[in-house]
Structures are given as C-alpha cells and as structure tokens.
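Undergrad: Throughout the sequence shown, residue numbering follows the numbering used here, covering 135 to 244 in sequence. Built from N, CA and C at the ideal position, the CB exists for glycine as well.
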Amino acid sequence: MTDPNVPPPRDPNDRPEVVHHTTINNPSSGDRGGAGWIGFLVGGLLVVLVIIAIVVFSNGGLERATGTEVDLDVDLPAPTLPDAPKAPDLPDLPQVEPPTVPDPSPAPAN
135 MTDPNVPPPR
145 DPNDRPEVVH
155 HTTINNPSSG
165 DRGGAGWIGF
175 LVGGLLVVLV
185 IIAIVVFSNG
195 GLERATGTEV
205 DLDVDLPAPT
215 LPDAPKAPDL
225 PDLPQVEPPT
235 VPDPSPAPAN
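Structural data, given as structure tokens:
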C-alpha cells in the first residue's frame, strides 16, 4: 500500500534548469528578544536615582529655618493610680540557696 501524500518517484535526469529556494526563518518561542523589559527596568532605576539625587542635593526639598529659637516646657505631672502599690511597699523576694556545683575533676596530665 502506498502513501497518497508522497509524490510519485521522478527520474533523476528530469530536473528543471532553474531551482528556486525559499528560506523561511521562524524564531523559536524563547528567542523573541528580551531587551524590552531590561530597558524598562533600567529606565525605572534611572528615574528613581534622579529623584533621590534631587532630594539629596536640594536639602530634602525644604527650606530650613535659621536663627529661630524654640522653647518647650515638657514638665508633666506623674500619673497616680489608686490601686497600684508604691515602690517601697513591694513584697520581699524569697530566700533562695545558691546551687551547688561538684568539684571539678583533676586536670589531665599531658
């Protein structure tokens, strides 16, 4: 049985005088040129660096006041709680004996 999609055999001497070749270049799916996102990333980093440079070299973008004095009074009364014990009225700590440590063995002779 023969395959109907295969052309019939030809005589090797029966060749046309002009042979036309067509080349079709199909890039693979992974070879589409990845420079687009890298350019976007580098451009974004440059914008951030320019913003940081503007803030640093313009003293934060704010005019600083010179020669002004500020006098603040931060004298606040201590809060009192009715049920909290005073510091001298705290209970004494229980007596605890220090732990005992066995005597160390003699040092090695070497």
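Please return the same chain residues whose Cβ sits closer than 6 Å to the Cβ of residue 203, not counting the five positions on each side in sequence.
TA: Within the same chain, residue 203 has no close Cβ partners at all.
Undergrad: Quick check on DSSP: helix, strand or coil for residue 222?
TA: Three-state result, residue 222: helix.
Undergrad: For residue 242 and residue 224, what's the separation of their Cα atoms in angstroms?
TA: Rounded to whole angstroms, residue 242 to residue 224 spans 51 Å at the Cα level.
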